[in-house]
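Asks: Residue numbers (the working numbering): 1 to 160.
Each residue gets a CB set at the ideal place from its N, CA and C atoms; glycine is no exception.
The structure presented is a predicted model; accordingly, all values stated were derived computationally and were not measured.
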Amino acid sequence: MYVLSSITHRLAPFPSNMFVLISFCKKTNVTQFCRYPFTPDQPLPEQDWLKYLRGTANIIVKEQSPQTLLQVRERLYELLTRGCPPGHIFKHLTVELVRNCCDVQLKMDVVSWAAMFDHRMQQGSKSIIHLEAFVARFMCIYKKFMEDNLVGMEDMTDMF
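1) Tell me whether aspartate 161 sits in a helix, a strand or coil according to DSSP, three-state version.
2) Could you check whether the stretch 131 to 138 touches the stretch 97 to 114, counting it as contact only if at least three pairs of C-beta atoms, one from each stretch, sit closer than 8 Å?
3) Quick one, which of Thr68, Thr94, Gln67 and Ser127 has its alpha-carbon nearest alanine 115's?
4) Quick check: the stretch 61 to 81 against the stretch 116 to 123, are at least 3 beta-carbon pairs closer than 8 Å?
5) What does the alpha-carbon distance come out to for the pair leucine 97 and tyrosine 142?
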């Protein structure tokens, strides 16, 4: 049981991550997961809600429009109704969005806005509003960044 305990601690090292452990156990066939003999570095399958959140981040990066914002809102609401804590959503969505950014300044802006909206969410009551506001802000920043870079690239091609 020592190894099983170490795997459990990798899944949910803090009590606040109990959602991760519960959702993992709910979706994973325990006999598949706990292959004998146990090893401390046993690979952990990715949780479905993380895959869903990664897909949501890809949707956000692919197109920035009111229709996309509505679609993302529905996806975030789906995660919230399934019991995913808003803090986990914020954290992992921010990580995925930053991973898709190539510019350092853009990454810093995204993290700064995420911190502000996360703080507001902790003080407020409706987390979906703060999550949606963060996504809308990201879309605005990202679209402006892409347009500015496109104009800059067009100016460079005119030189040649």
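Replies: Considering the structure as presented:
1) With the chain represented from 1 up to 160, any question about residue 161 goes unanswered, as that position is not in the structure.
2) Contact holds: three or more Cβ-Cβ distances are below 8 Å.
3) Residue Thr94 is the option with its Cα nearest to alanine 115.
4) The stretch 116 to 123 is not in contact with the stretch 61 to 81.
5) Straight-line measurement puts the Cα of tyrosine 142 at about 10 Å from the Cα of leucine 97.
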